[in-house]
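Read in order, the letters of the sequence shown correspond to residues -25 to -1, 1 to 918 in mature numbering (1 follows the signal peptide of the UniProt record, and there is no 0).
Cβ atoms here follow ideal geometry from the backbone N, Cα and C, with glycine treated the same way.
Fair warning: this is a prediction, and the values are worked out from it, not measured in the lab.
Below you'll find the structure, written out as C-alpha cells, and then a few comments.
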Amino acid sequence: MLKSKTLVKSLLAISIASVTTYSLAADADNVKAEAKVEKIIVTGSYISKGDFESASPVKILDADDIEGVGAVNVGDLLARMPSVVGDTTSASSNISEQDSGLNTVALRNLGSSRTLVLVDGKRYVSGMSVGSGYGVDLNTIPTTMIQSIEVLTGGQSAAYGSDAVAGVVNIILKKNFDGVAFKAQAGRSGEGDKDTRDIEFSIGKNFDDGNAWLSVGYSEDDGLMAGDRDYSRVHKDAVDTNGDGILDTSQFVGSSHVFGGRIDKYNGDGSLFTRTDDPATSDAFNFHDYRSMVAPLTRHFVATGLSLDLNEKSRMNFTANYARVDSRARYEPIPLDTRNDIFKLSKGGTTGIDIATHPWFAGTALGNNLLADGINSLDDASLTFRRLYEFGDRGAENTRSTFRVAGEYEYDISNDIYLKVSGTYGVTDQKQTNHGDINLDRARFALNVEDNGAGGFQCADDIARINGCVVFNPFSLNGISPEAVDYLSADTNLEGSIEQVVVTAVVAGRLDYAVSNDVDTIGFAGGVEYREEKGHETPDPLRQAGIVRGAAIAKTKGSFDVVDVFGELHIPLHEKLSLSAAVRFGDYSSVGSTTNWTIGLDAPITDSIRLRGAMATAVRAPNVSDLFAGGTATAALITDPCNGLTNADSGNIAVNCRSIDAISDRIDNDGAFNLTQVERQNTAGLLSGSTDVKEEKADTFTAGIVFTPESISGLQMSLDYYDIKIDDAIAKTDRTVILNRCYSADPSNFDAQCGGLVRRDGRSGAALEVNAASGNENLIETRGLDIDVSYMTDLGDGDLYVGFAANILDTYSITGLETGDKQELAGEVMFPELRFNVNASYTINEFNVYWQVRYWDETKDRNDNTVLTEELNSIDSRLYNDVRFSYNFTNQINAYFGITNLFDEQPPHLTAGHKYQQQGTLTNGSAYDLTGRSYYAGVKLNF
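Right, here's the structure in full:
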C-alpha cells in the first residue's frame, strides 16, 4: 500500500511539473484555439454539464440571501435552511470547554462529520478540537467575497470522497471582483444587550491577464448570560410533586454545592440545609447566575486571491485566508466534594479528619451537630459539598487560528478536454485556557493542619509549607482566604491542531462520441487524489493527571492518509435526457480499501416537467477524532447490570456480578445489590477514539420532480424524496453496552475490569469508572421530502420574488446494532416533522424590503415518554419573522435596517429532566431563538 501511494504522489508531481513546463513554454503567438463552450461545473461533478441539469437536488444561495437576514457569517444563513438541523452554534456550544463559539453545518441532522464543506470545490480543514469531533468552522470563511453557496443533498462521496454522506456545502468565492467594497453593521437585542459589530473591507482589480483581490474583516458578538432572560434566569428541574413517578412540575431545585458548604443535612454554619422552590429563600445554589447562554465571539480574518491566464491554453488561481476566532464559555464556580475529590474515599481513601478534634469542627455548631448524629469522622458523612466562590467563575477561553492556502492549475489539452491539478493545505491551531479550578493535591496538604503557636493554624507538612502551603477551610462561608486561593488555584491550558493536505489531478471533458446524432457527446472525468489528515491535542499535565477538579482529558495524536482513484461519466441519451455515473476507489492507511459509487438520471418529460433521481453508496471513513481522540471525561448516567441482583438470580450476569466480593457482601448483608441514587449518578469515564473502528457505509436514494409551467412565467417548483440508511454508523459505544458485553461473558472467562474499561469501588461495589471508545455501533435511517418553490414577477413598478422551502421528515431512527434497541426520533425537539421558510423580496426603484418567515413544528421532548406529564412533554410550534429594509442612495452607497424575530417569539421551557434541555438555557439553542427581538443596521459602500 505504501509503495502504491508513493507511486501516486510521484505521478502527481510529474504531471504538475510536465504540464506546467509545457504550457509556459508554449509559443505565445500560437494560433488561438477555436472558441470553446464555457465550462459550467456543477457541484457534485468534475464534468462541464452545459445545458443539462443535476440529477440530485441543488439549493443555491447568493449574496442577497446572506444580506437579507443580516448574517455576519455563513453559519447564520445555513442554520435557517430546513434541511440543516443539529449544527453547532454559539448558542449550542455555550458552556462547552472544547467547542465554544463554533459554527458548523449538519445536513439532515446527521452531524457535521457527515456534511462535506468545500470552498470553490475543494476541501476545507476542520475547525474543531480533534479530541471532541470534526467539522469546518464557518466563522473562518469571509462573507464579503462569497458569490454563492450550493447545497447538494444526498450521498456525494463518489465525487468528493469521504464525509459527503448527507451532502455537500460548496461555498463559491467571487472570481472577478473589481473595485472597493466596505461594509459596517451593528446590532443590539430589544433587551439592550447582545451587541454585535461587523466591519469588512475588500479591494479587487481586474487586469489584462487576471484578477487579484484582498479582503479583511472584524466582527464581535457579546453573547448572552442565562440571567439575561426571564425564561432562563433560574435553573429549574422537572420534579414529581405527588409521588406517582411522573415529573409534573418545573421548579427550582438547585445544587447542594453551596457557598457556605454542606455536610449531610447541615450548612457550614450548623443550620439545617433547606430547599425551597424560590432561590431567594432556598439554601440551594442557582447555576444560572453564572452560566453563558450564547458564547461571546470575536473574529478577525484576512483573505486574498489571484487568478492568471498564463497563455491561451492554461490558467491558474490561488487563494489564501487566515482567521482567528476568540470565544469564551462561562459557568459557575467549581463544586468540591471534599471526601471524594480530595481524599478519594470512593477509591478506597480516607480523610483522616476527626470531627471532635479537627480545628475546623471542634467546638463549632456544625461539629457538635455532626457528633450528635453519630458522625465522628468525615469518612462517615454522606455529603461534603462546597462551592468555591472565592476562586471566581469557571471559564474556558478558546483561540482558534485557521490558515488555508489553495492553488489550482488548469491546462486545455484540446478544445474539449482539460487537465486540472490542485492542492490545498489547511491548519487549525487551538489554544485554550481554563480558569477557576483547584489543585486537589495541594488541597489535601492544606486540610492537614496544626497549631502554628501564634493563635492560628498552619499546614502540618513541612515540605508543603516550604512550597507555600496555606491552610483552607471548605466547611464554612469565610474559610478560604485570598492567600489560600492563590496557593490552590489552578489555571490549566490545552493546545492542539489539525492539518489537512489535499492534492488532486483530474482530466475531464467530452469524448468524440455520442449515443446518437441528436444528442451531445459523452462527458467524462477521471483522476487521482491524495489526502492526509493529522492532529494532536495536548492538555495541561494537571488535567491529564486528574489533579484538578475539572474533567480529566487524555492526549490525542494521530494521522491517516488516503489515495483515491475516481471516474465519472455523463451520457446524454435523448435531447435533455441524461444518465450520470461515478465511482471512487479509496486506499486508506486506517481502514484499507473503500468503494463509493453513484448513478443518476435527469429526465425531462415535457418542457415543463422534469424528473430526476440518484442512488449512491457513500462511505465515511473514521476521521482523526474517531480514531485517535485521547479521551474526554463523562458522567452520563449508565445502567449497571448488577443493580438489583439477589442470590436467587441466575445466568452469566448474575454469576459474574456475585464473583466480585464487594457486590457479594452487599447482597449477603442487604438481600440485594441496590445502588443508591448517589452511586447511580456518579459513574465517571473517558470517551476516546479507537483504531479498531471501521468505515461506515450509507445507501442513499433521491427522486424528484421539477415543474416549470410555461403558462406562469417565473414560477418553478420541485419536490424531492430522500432516503438515507447508514450502516455501521460510528459513535462512542454506550457505556451500558460496555458493561452488558463484559458481564454477559462466560464466567470462566470473566474479567471484572473488562480489559481495563471498568473500575468498581472495593468497598461498595459501585461502578466508579466505565470507559468507552469509538465503535461501529448504530444503524441510522432517515426519510423525508424537500419542497422548493420560487416565483419572480413584476409587481407595479417593482420586482417581486417569493420563495418557499420546506422539509417534511417522515422517519429518523437510530438502532443499536448489538442491542437492537431502536429510537424513533421523528417528531422530537431536534427532529421536527415540518420545517419551512418563506422568503419575500420586493424592489422598487432604489428601495428593497426582504421578509423571511421561519417555522419549527410542534414536537415532543421524547416519543417514548414515560417520565413527563403530557404538558411538559409537548412543545408548541414556533414561527419567527425577520424583516430588512434597504435603500440605494447612489450606485455606490446602500444603507439598511433589519429586525430579527420581529414579534419577539420566546423559546419553549425545557427544564433539567427534559431530554433536549441544553445546559445554561432552559431551552434548546440549536432549535429555538434565544435572544428575542433584535435590531441591526448597516451601510455598504462600493466603488
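Expected contact under 8 Å - CB spacing of residue i and residue j to nearest Å
{"i": "Phe648", "j": "Arg641", "result": "5 Å"}
{"i": "Gly165", "j": "Asp879", "result": "6 Å"}
{"i": "Leu784", "j": "Phe806", "result": "6 Å"}
{"i": "Tyr910", "j": "Gly162", "result": "6 Å"}
{"i": "Thr896", "j": "Asp212", "result": "About 14 Å separates the two Cβ atoms, so there is no contact after all."}
Pick from the options that is closest to residue i, judged by C-alpha positions
{"i": "Lys406", "options": "Asn315, Asp368, Thr513, Ile330", "result": "Thr513"}
{"i": "Gly86", "options": "Asp253, Ser901, Gly606", "result": "Ser901"}
{"i": "Asp316", "options": "Val228, Asp412, Asp252, Ile350", "result": "Asp412"}
{"i": "Gln867", "options": "Glu821, Pro57, Asp645", "result": "Glu821"}
{"i": "Phe676", "options": "Ala727, Thr374, Ser137, Trp572", "result": "Trp572"}
{"i": "Arg305", "options": "Gly76, Gln226, Gly873", "result": "Gly76"}
{"i": "Ala637", "options": "Lys158, Ser190, Arg738, Met590", "result": "Arg738"}
{"i": "Asn715", "options": "His889, Leu732, Lys211", "result": "Leu732"}
{"i": "Gln881", "options": "Asp170, Asp205, Asn181", "result": "Asp205"}
{"i": "Asp832", "options": "Gly401, Glu845, Ile850, Thr90", "result": "Ile850"}
{"i": "Asp264", "options": "Arg250, Ser246, Phe227", "result": "Phe227"}
{"i": "Phe378", "options": "Lys395, Asp426, Ala887, Arg299", "result": "Arg299"}
{"i": "Gly179", "options": "Thr279, Ile309, Leu650", "result": "Thr279"}
{"i": "Ala371", "options": "Asp74, Ser31, Ile584", "result": "Asp74"}
{"i": "residue 950", "options": "Gly567, Leu620, Thr607", "result": "Beyond the ends of the chain as shown, which are -25 and 918, falls residue 950; an answer cannot be given."}
{"i": "Gly619", "options": "Phe603, Asp645, Ser600", "result": "Asp645"}
{"i": "Trp188", "options": "Asp153, Lys211, Gly220", "result": "Asp153"}
{"i": "Thr768", "options": "Ser123, Asp223, Gln691", "result": "Gln691"}
{"i": "Ser686", "options": "Ser583, Asp726, Ala659, Lys707", "result": "Ser583"}
{"i": "Arg710", "options": "Thr658, Tyr400, Glu670, Arg829", "result": "Thr658"}
{"i": "Val233", "options": "Glu365, Ala201, Gly501", "result": "Glu365"}
Simplified DSSP state of residue i, which is helix, strand or coil
{"i": "Val396", "result": "strand"}
{"i": "Glu13", "result": "Unreliable positioning characterises Glu13 in this predicted model, as indicated by a pLDDT of 43, which lies under 50. The coordinate reading is nonetheless provided below. Residue state, collapsed to three classes: coil."}
{"i": "Leu885", "result": "coil"}
{"i": "Thr658", "result": "coil"}
{"i": "Pro310", "result": "strand"}
{"i": "Lys7", "result": "Reliability fails at Lys7, whose pLDDT of 32 lies under 50, so the model's placement of it is uncertain and no value is given."}
{"i": "Val711", "result": "First, the amino acid is wrong: residue 711 is Thr here, not Val. It is helical."}
{"i": "Thr467", "result": "strand"}
{"i": "Glu458", "result": "helix"}
{"i": "Asp536", "result": "strand"}
{"i": "Ala(-1)", "result": "Confidence at Ala(-1) is low in this model, with a pLDDT of 38, below 50, so the placement of that residue is unreliable and no value is reported for it."}
{"i": "Ala500", "result": "strand"}
{"i": "Asn261", "result": "coil"}
{"i": "Glu287", "result": "coil"}
{"i": "Ala421", "result": "helix"}
{"i": "Trp831", "result": "strand"}
{"i": "Gly25", "result": "With a pLDDT of 49 at Gly25, under the threshold of 50, the predicted position of this residue should be treated as unreliable, though the coordinate-derived value follows. Coil."}
{"i": "Phe176", "result": "strand"}
{"i": "Glu808", "result": "coil"}
{"i": "Leu53", "result": "helix"}
{"i": "Lys(-23)", "result": "Since pLDDT at Lys(-23) reaches only 42, below the 50 mark, its modelled position is unreliable, and no value is offered."}
{"i": "Ala611", "result": "coil"}
{"i": "Asn917", "result": "strand"}
{"i": "Asp601", "result": "helix"}
{"i": "Leu(-15)", "result": "Residue confidence is low: Leu(-15) scores 38 on pLDDT, short of 50, so the model does not pin down where it sits. No coordinate-derived value is stated."}
{"i": "Ile642", "result": "helix"}
Worksheet item: Residue ranges of each alpha helix (DSSP H) run of no fewer than 4 residues wholly in the stretch 615 to 639, ordered along the chain?
Response: Taken in chain order, the complete alpha helix (DSSP H) segments of 4 or more residues contained in the stretch 615 to 639 are 627 to 633.
Worksheet item: Should the stretch 810 to 819 be regarded as contacting the stretch 774 to 793, the criterion being three or more beta carbon pairs within less than 8 Å?
Response: Verdict: yes, contact present.
Discussion item. I want to know whether the stretch 487 to 495 touches the stretch 412 to 422 - three or more CB-CB distances under 8 Å.
Written reply: Contact between the stretch 487 to 495 and the stretch 412 to 422 is not established, with fewer than three Cβ pairs separated by less than 8 Å.
Worksheet item: Of all the beta strand (DSSP E) runs that stay within the bounds of the stretch 315 to 379, which reach a length of 3 or more residues?
Response: Qualifying beta strand (DSSP E) stretches, in chain order: 359 to 362.
Fill in: Those runs of the beta strand (DSSP E) which lie wholly inside the stretch 186 to 250 and span at least 3 residues
Along the stretch 186 to 250, the beta strand (DSSP E) occurs as fully enclosed runs of 3 or more residues at 212 to 214, 224 to 226, listed in sequence order.
Discussion item. Would you call the stretch 622 to 629 in contact with the stretch 120 to 137, where contact means no fewer than 3 C-beta pairs closer than 8 Å?
Written reply: Remark: fewer than three beta-carbon pairs, one from each stretch, lie closer than 8 Å, so the stretch 622 to 629 and the stretch 120 to 137 are not flagged as touching.
Worksheet item: Are the stretch 332 to 352 and the stretch 374 to 392 in contact at 8 Å, needing three or more beta carbon pairs?
Response: Short answer: they don't touch.
Worksheet item: Does the pairing of the stretch 563 to 572 with the stretch 109 to 121 give three or more beta-carbon distances under 8 Å?
Response: The stretch 563 to 572, when compared against the stretch 109 to 121, does not touch it at the 8 Å Cβ threshold.
Discussion item. Taking contact to mean 3 or more Cβ pairs, one atom from each stretch, closer than 8 Å, check whether the stretch 861 to 878 and the stretch 836 to 849 are in contact.
Written reply: No: fewer than three Cβ pairs fall under 8 Å.
Worksheet item: Hey, is the stretch 228 to 242 in contact with the stretch 40 to 48, meaning 3+ C-beta pairs nearer than 8 Å?
Response: Taking a contact to require three or more Cβ pairs closer than 8 Å, the stretch 228 to 242 and the stretch 40 to 48 do not qualify as touching.
Discussion item. Using a Cβ distance threshold of 8 Å, determine whether the stretch 544 to 554 contacts the stretch 496 to 514, with at least three qualifying pairs required.
Written reply: Verdict: yes, contact present.
Worksheet item: Where in the stretch 677 to 756 do unbroken runs of the beta strand (DSSP E), each at least 3 residues long, occur, reported from the N-terminal end onward?
Response: Runs of the beta strand (DSSP E) lying entirely within the stretch 677 to 756 and spanning at least 3 residues, in chain order: 690 to 707, 733 to 735, 742 to 745.
Worksheet item: Which full runs of the beta strand (DSSP E) of 3+ residues lie inside the stretch 58 to 135, going along the chain?
Response: Unbroken beta strand (DSSP E) runs of no fewer than 3 residues, entirely contained in the stretch 58 to 135, are found at 90 to 94, 121 to 128, following chain order.
Worksheet item: If you pair each beta-carbon of the stretch 472 to 482 with each one of the stretch 503 to 522, do three or more pairs fall below 8 Å?
Response: As far as the Cβ criterion goes, the stretch 472 to 482 touches the stretch 503 to 522, which means the pair count is three or higher.
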